[in-house]
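J.: Residue numbers (UniProt numbering): 1 to 168. Virtual Cβ for every residue (Gly too), placed ideally from N, Cα, C. I'd like to ask you about the structure that follows.
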Amino acid sequence: MSSNNILLKDLIDPSLPQSISWLPSTIGWKVAMVALVAIVIWVTLRFYRQLKSESYRRKAIKTIKQASYTHPTTKELQLELRRINSVVKHVACFAYPNTQVAMLYGQQWVSFLNDTTATYGMDNQLLSRWQRDLYKPELEHSWKMTDLNRLKLLCITWIKTHDRRAYD
Numbered sequence: 001m002s003s004n005n006i007l008l009k010d011l012i013d014p015s016l017p018q019s020i021s022w023l024p025s026t027i028g029w030k031v032a033m034v035a036l037v038a039i040v041i042w043v044t045l046r047f048y049r050q051l052k053s054e055s056y057r058r059k060a061i062k063t064i065k066q067a068s069y070t071h072p073t074t075k076e077l078q079l080e081l082r083r084i085n086s087v088v089k090h091v092a093c094f095a096y097p098n099t100q101v102a103m104l105y106g107q108q109w110v111s112f113l114n115d116t117t118a119t120y121g122m123d124n125q126l127l128s129r130w131q132r133d134l135y136k137p138e139l140e141h142s143w144k145m146t147d148l149n150r151l152k153l154l155c156i157t158w159i160k161t162h163d164r165r166a167y168d
């Protein structure tokens, strides 16, 4: 053993300072924390409510995007046009429950879609053709995949951008 231990024998360990609390000690900080927690809860609830209230849009868009044909037959095409109409009609009935949306068809339905969208440039000619062909046993016009994709895009755009307050 070394002779240095004799010098350390009488050395006293220093006392540690008292620990400082992390909790605020003044009432102002406590009020600020409570207000901050309340604001975070309020924002979270508001975001959750909006997410829930807009879930019908996400479901409808997913349904429209579901069926994809590479070379559909005339019958499959007609079924697809009717399916898209049904989805858009369901969305409209959900978004505008106190109106007569379910009874609209043809040009009235096209006008409704144009009146309630927040975007401009809805292709009225394509929408009118779509509505005319829905109620005929055979398709009057030859629908191409590009037309069907444009129609799907128009319907998805309407679903995303329709204003629920526009038709009250």
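Consult DSSP for H90 and reduce its assignment to one of helix, strand or coil.
T.: helix
J.: L127 to C93, Cα distance in whole Å?
T.: Those two C-alpha atoms are separated by around 19 Å.
J.: From K144 to A67, what does the alpha carbon distance come to, in whole angstroms?
T.: 15 Å
J.: What would DSSP say about T116, mapped onto helix, strand or coil?
T.: helix
J.: Count the other CB atoms, across all protein chains shown, that sit within 10 Å of the CB of L154; report buried if there are 16 or more and exposed otherwise.
T.: buried
J.: Provide the residue(s) that pair with H71 in DSSP beta bridges, ordered along the chain.
T.: H71 is not bridged to any residue.
J.: In angstroms, rounded to a whole number, what distance separates the CA positions of T119 and A35?
T.: 39 Å
J.: Using only the alpha-carbon positions, how far apart do Q18 and R58 sit?
T.: 57 Å
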